[in-house]
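A short write-up of the structure that comes next.
Numbering (my numbering), first residue to last: 310 to 577.
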């Protein structure tokens, strides 16, 4: 049972244990404007503050996930020198940091084009599902720009150096099947089944030890820049935190008693 709230720039559907956030500018393929940034950040903050929300799905209304920056907001006068650094520092960078710090896993259900910062947004998901018709596009080179919203950090790690540079320099779309074959996303799903699979995974994650899942993300993120010794220390520190959670005790008890675990998802 779900409850849809508000015809706004980001729609929120509340389900048992998880939420669905829907980017809601379908006439512009859910391209980013400053109000959309703020609405998404508010929706993420609200979900993060809800102890009953233990997983998130992010998707787009209409026929696309997110087309990146809305260029209609970039029609500068000839004598105006744009300051895109301000846009990144004020909007995109805080959004990326907020997503990476979520206390629950994020499923991105890519239901069409994910371009520019929209592709980066999708790739920041913990689990990325893509409709078979979906495409990912790094369009920045067509505008004389570089990938942002973490794109230059994500792409080489997801696709490898050669493929990342090819995607960024040639600005050619890749299919959902290519993205799956290259290890950039979790799974390709038939279009008609995309949201059903996203809901299935979210319901599964909502019953999992949420705090431990957030620590898994922290560990993997740290491994991107650590050597082995540093990562062993990260594992030691985070495992210590995980072991102090009630879900660890519950998991051990459930194993010994041969019953399903009843996780709360809480730190303490």
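Beta carbons: idealized from backbone N, C-alpha and C, even for Gly. Bear in mind the structure is a predicted one, so any value in this text is a computation, not a measurement.
Which partner residues of residue 433 appear in the DSSP bridge assignment? Beta-bridge pairing links residue 433 to no other residue.
Residue range of the alpha helix (DSSP H) that includes residue 489: 485 to 490
Cβ of residue 482 within 8 Å of Cβ of residue 473? no
On the three-state DSSP scale, how would you describe residue 451? helix
Does the segment 335 to 347 come within contact of the segment 478 to 496, defined as at least 3 CB pairs closer than 8 Å? no
Residue 494: first and last residue of the uninterrupted beta strand (DSSP E) it sits in: Neither: residue 494 is in no beta strand (DSSP E) and is coded neither H nor E.
Sequence-distant residues of the same chain with beta carbon closer than 7 Å to residue 491, five excluded per side: 468, 472
Name the residue from 336, 437, 436 whose alpha carbon lies nearest to the alpha carbon of residue 381. 336
Go ahead and label residue 536 buried or exposed: buried means 16 or more other beta carbons lie within 10 angstroms of its beta carbon, across all protein chains shown. exposed
Whole-angstrom distance between residue 373 and residue 447, CA atom to CA atom: 15 Å
Spatial neighbours of residue 531 in its chain, beta-carbon cut-off 6 Å, leaving aside the 5 residues before and after: 543
My output table needs one value for residue 374: the three-state DSSP class, helix, strand or coil. strand
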